[in-house]
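Protein chains in written order, with this note's numbering: chain A, 32 to 186; chain B, 32 to 186.
There are 2 protein chains.
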Amino acid sequence: MRKIFLFMDTIINKVDSKGRVSLPSDYRAIVKELSTEIVCYRSLSSPCIEGCLEETLDKLAQDIETSTDFFSETQDNLTNLIFGDAKRFPFDSTGRIVLTDKLLSHAGITGSAVFVGKGRKFQIWNPENWEKEERRIRAEALKNRPSLKPQETDK
Amino acid sequence: MRKIFLFMDTIINKVDSKGRVSLPSDYRAIVKELSTEIVCYRSLSSPCIEGCLEETLDKLAQDIETSTDFFSETQDNLTNLIFGDAKRFPFDSTGRIVLTDKLLSHAGITGSAVFVGKGRKFQIWNPENWEKEERRIRAEALKNRPSLKPQETDK
DNA sequence: TGGTATAACATGGGAAAATATGGGAATCAA
DNA sequence: TTGATTCCCATATTTTCCCATGTTATACCA
């Protein structure tokens, strides 16, 4: 049986001049619980930072190893980008991580940042950008509603 | 081996200035029994709060993980929308959860709230809004009576 | 059947604990 | 040394926890 962990919610925190941000306490709880670590990298598809547990990347690596045709060549290349970019972000005793300039500038983050839960992953956005992005996604969602419902999956 | 659990009934409770509401005791019993947690998010289709068990969302996360690939755009949007909005709501020793302003204002809830069972999920409404909604749904059900028969095929 | 005792629940308010965040001191690297 | 990075305090909030009380539901007994 596997332990449940989900990155959820949307939380704004300040980023100080040193690049420090408090990791949402729920996220910290997960990291502690599983005694693992947070890993972040530049999102390939959006102007934001993406994060997940180190385990998640390990799982990705394993999947690539074991299934040859599951991932296309393109995606295999993408994973190279991810692993090349990814870095661990341990948090200090006050619960903060220190984001790098590379990540911050990719996401256009300055004074404050929003953590957006994505289940097994999460993203960190510039607040204004995220606001726009959320509106966009919601609008889109209303069009293709059927596929969205968190329906109680049977079985 | 799956246990039976159903959120049922319609129960009104007060919401105090801190946003605290007593979770209906039947609901609490379910959460304890399955030793899981309540998760709430803004309903996509109605002005109300929707809730379910954390397991339900975890199941969704698993499905997404296994069915779509790591970089899919659809998956991206979907997870942002659902997990970005959802949040765990543990209840204290007196059985209350603390609803957030985001949720309360989405549902237009101030002094009191109604919990409406929906089986695997439940909803939390502003009492007056729910009254209207219930009337509407009942009226609708009467009109479309025939389509409610068991031989319907969309299951 | 009615009435009462008991337990479970809802709810208000305040105390205690956990967070977020600013400002250094200490450590390290080149 | 200089700049950067990590670590540690201090503090203002926010959130959680705990106790007290009124209410409602349930059990039990005469």
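For glycine and all other residues, C-beta sits at the position ideal for the given N, C-alpha and C.
Which residues of chain B have a Cβ atom closer than 9 Å to the Cβ of residue i, listed in chain order?
i	result
Ala172 of chain A	Leu75, Asn108, Leu109, Leu112
Arg169 of chain A	Leu75, Leu112
Which chain A residues are close to residue i, counting only those with a beta carbon under 8 Å from its beta carbon?
i	result
Ala92 of chain B	Leu37, Gly150, Arg151
Ile95 of chain B	Gly150
Glu86 of chain B	Ile35
Glu104 of chain B	Ser76
What does the Cβ neighbour count give for residue i, buried or exposed, with the cut at 16 atoms within 10 Å?
i	result
Glu164 of chain A	buried
Asn111 of chain A	exposed
Glu85 of chain B	buried
Asn157 of chain A	buried
Gln93 of chain A	exposed
Phe42 of chain A	Looking at the sequence provided, one finds Ile at residue 42 of chain A rather than Phe. Counting Cβ neighbours within 10 Å, Ile42 of chain A comes out buried, since at least 16 surround it.
Asp40 of chain B	exposed
Leu130 of chain A	buried
Lys34 of chain B	exposed
Glu81 of chain A	buried
Leu75 of chain A	exposed
Asp89 of chain B	buried
Gly148 of chain A	buried
Arg166 of chain A	exposed
Lys180 of chain A	Only weak support exists for where Lys180 of chain A lies, its pLDDT of 46 falling under 50; the value from the coordinates is given anyway. It is exposed - the Cβ of Lys180 of chain A has fewer than 16 other Cβ atoms within 10 Å.
Lys174 of chain B	exposed
Lys118 of chain A	exposed
Asp107 of chain B	buried
Met32 of chain A	Residue placement at Met32 of chain A cannot be trusted, given a pLDDT of 44 that sits under 50; what the coordinates show is reported in the next sentence. Classification of Met32 of chain A: exposed, given that the 10 Å Cβ count is below 16.
Arg151 of chain A	buried
Asp185 of chain B	At Asp185 of chain B the pLDDT is 47, less than 50, meaning the model places this residue with poor confidence; the figure from the coordinates comes in the next sentence. Classification of Asp185 of chain B: exposed, given that the 10 Å Cβ count is below 16.
Determine the closest residue to residue i out of the options, with distance taken between C-alpha atoms.
i	options	result
Leu54 of chain B	B:Ser124, B:Lys133, B:Ile113	B:Ser124
Glu159 of chain B	B:Val145, B:Glu171, B:Arg151, B:Arg169	B:Val145
Arg169 of chain A	B:Glu68, B:Thr105, B:Cys71, B:Arg151	B:Thr105
Thr141 of chain A	A:Lys49, A:Val70, A:Ser76	A:Lys49
Asp116 of chain B	B:Phe122, B:His137, B:Asp57, B:Lys90	B:His137
Cys71 of chain A	A:Asn175, A:Arg127, A:Phe153	A:Phe153
Phe120 of chain A	A:Ile155, A:Ile69, A:Lys63	A:Ile69
Pro78 of chain B	B:Asn175, B:Lys133, B:Asp57	B:Lys133
Asp57 of chain B	B:Asn175, B:Ile155, B:Phe36	B:Phe36
Ala60 of chain B	B:Ala172, B:Arg127, B:Leu91, B:Arg176	B:Arg127
Ser66 of chain A	A:Phe122, A:Glu162, A:Gly150	A:Phe122
Gly139 of chain A	A:Ala172, A:Lys63, A:Val62, A:Arg73	A:Arg73
Phe114 of chain B	B:Arg151, B:Ala172, B:Cys83, B:Leu135	B:Cys83
Ala172 of chain A	B:Leu109, B:Arg51, B:Ser143	B:Leu109
Phe38 of chain B	B:Ile155, B:Arg176, B:Trp161	B:Ile155
Leu91 of chain A	B:Val52, B:Leu91, B:Glu96	B:Glu96
Arg51 of chain B	B:Lys63, B:Thr87, B:Leu135	B:Leu135
Val62 of chain A	A:Trp161, A:Asp47, A:Glu162, A:Thr87	A:Thr87
Asp47 of chain B	B:Trp161, B:Ser143, B:Glu64	B:Ser143
For residue i, write down the residues that DSSP places opposite it in a beta bridge.
i	result
Arg73 of chain B	B:Ile80
Phe146 of chain A	A:Ile42, A:Ile155
Ser53 of chain B	B:Arg127
Arg119 of chain A	A:Val70
At a CB-CB cut-off below 8 Å, which residues of chain B make contact with residue i?
i	result
Val70 of chain A	What Val70 of chain A touches in chain B: nothing, since even the nearest Cβ is about 14 Å away.
Inset, instruction - For the stretch 34 to 68 of chain A, enumerate the residues whose C-beta is nearer than 9 Å to any C-beta of chain B, in chain order. - result: Ile35, Phe36, Leu37, Phe38, Met39, Asp40, Thr41, Asp57
Legend entry - Under 8 Å (Cβ pairs) to chain A, residues found in the stretch 116 to 139 of chain B: Asp116, Ala117, Lys118, Arg119
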